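What follows is a short report on a single structure.
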Amino acid sequence: MSSEALAKEEAKDLLLEMPERRSRIAILLSGRGSNFEAIADAVESGLIPRAAIVAVISDAPDARGLAIARERGLPAHAVDRREFASRGDHEAAILRVLEGARPDLICLAGYMRVLSPQFVARYRGKIVNIHPALLPKFAGLHAQRQALEAGEALSGCTVHFVDEGTDTGPVILQKTFPILPGDTEESLSERILSEEHRAYPEAIARVLSGPEEES
Ligand code: GRF
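For what it's worth, my numbering labels the leading residue of the sequence shown as 0, then goes sequentially.
Here's what the structure looks like:
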């Protein structure tokens, strides 16, 4: 075998031995962080395969989600909105953290700010969000209350790609279930949240695995 062919064979062997590259996930949150926990559990258990959480960023320094990230030994970053003169400066600081973390996917998990078009453009197709309603119905705040007040028979949650709008953008996955007689905003919110904890990891795994091969 020529030395060139030998080198090629060696390179092939090395590549085969190399652990598969992990998908890099960044999380943006503002509060409780229960969806972030569900994602972190799914990464640990392999439900989201070959992935790592490379940054957890919060605009609220006292967010429970941030404390949990620290407890779990994940890179936690407080980027306090109050420390910046403008929305643009605040986002620039978040973008700097993200540039260092090099995420393949950014998951909004209860992040309470609308991202600017410039931010969305920088990571187009790489930002996902979860919303406690069957979008396009009931975007924005208090989605569960909106659904109850509208007298809906069905509720659920939606995972979608983020575009310039509020809770718009292509849907990745929806989970639907009935609104029960006597449901209150609290009881409905609880049921939606536990459904979210299954839906979000499933949607992330789907996005990271790329488009399905046609058979
Ligand atoms: C969830 O209901 C999610 O749908 C919405 O914000 C809430 C976040 O909850 N976008 P948590 O912080 O993940 O517990």
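Backbone N, C-alpha and C define an ideal beta-carbon position, used for all residues, glycine too. Keep in mind the model is a prediction, meaning the values are calculated, not measured.
With burial defined as no fewer than 16 other Cβ atoms inside 10 Å of the residue's Cβ, what is the status of D58: buried or exposed?
-> buried
Beta strand (DSSP E) runs contained entirely in the region 82-136, provided each spans 3 or more residues | 104-107 and 126-130
Cβ neighbour criterion (16 or more within 10 Å) applied to P200 | buried
Just reading off the alpha helix (DSSP H) that A149 is part of, what are its end residues?
-> No alpha helix (DSSP H) contains A149, which DSSP labels as neither H nor E.
Do you know how far the Cα of Y122 is from the Cα of Q173?
-> 23 Å
Which word fits P135, buried or exposed, when buried means at least 16 other C-beta atoms lie within 10 angstroms of its C-beta?
-> exposed
So which of R112, V206, G164 and C106 has the shortest CA-CA distance to A25?
-> C106
Count the other CB atoms within 10 Å of the CB of P210; is the residue buried (16 or more) or exposed (fewer)?
-> exposed
Three-way DSSP call (helix, strand, coil) for H159 in this model = strand
Which residues in the same chain as R49 place their Cβ atom closer than 7 Å to its Cβ, once the five residues preceding and following it in sequence are excluded?
-> E19, R21 and S22
Between the CA atoms of R190 and T183 - distance to the nearest angstrom = 11 Å
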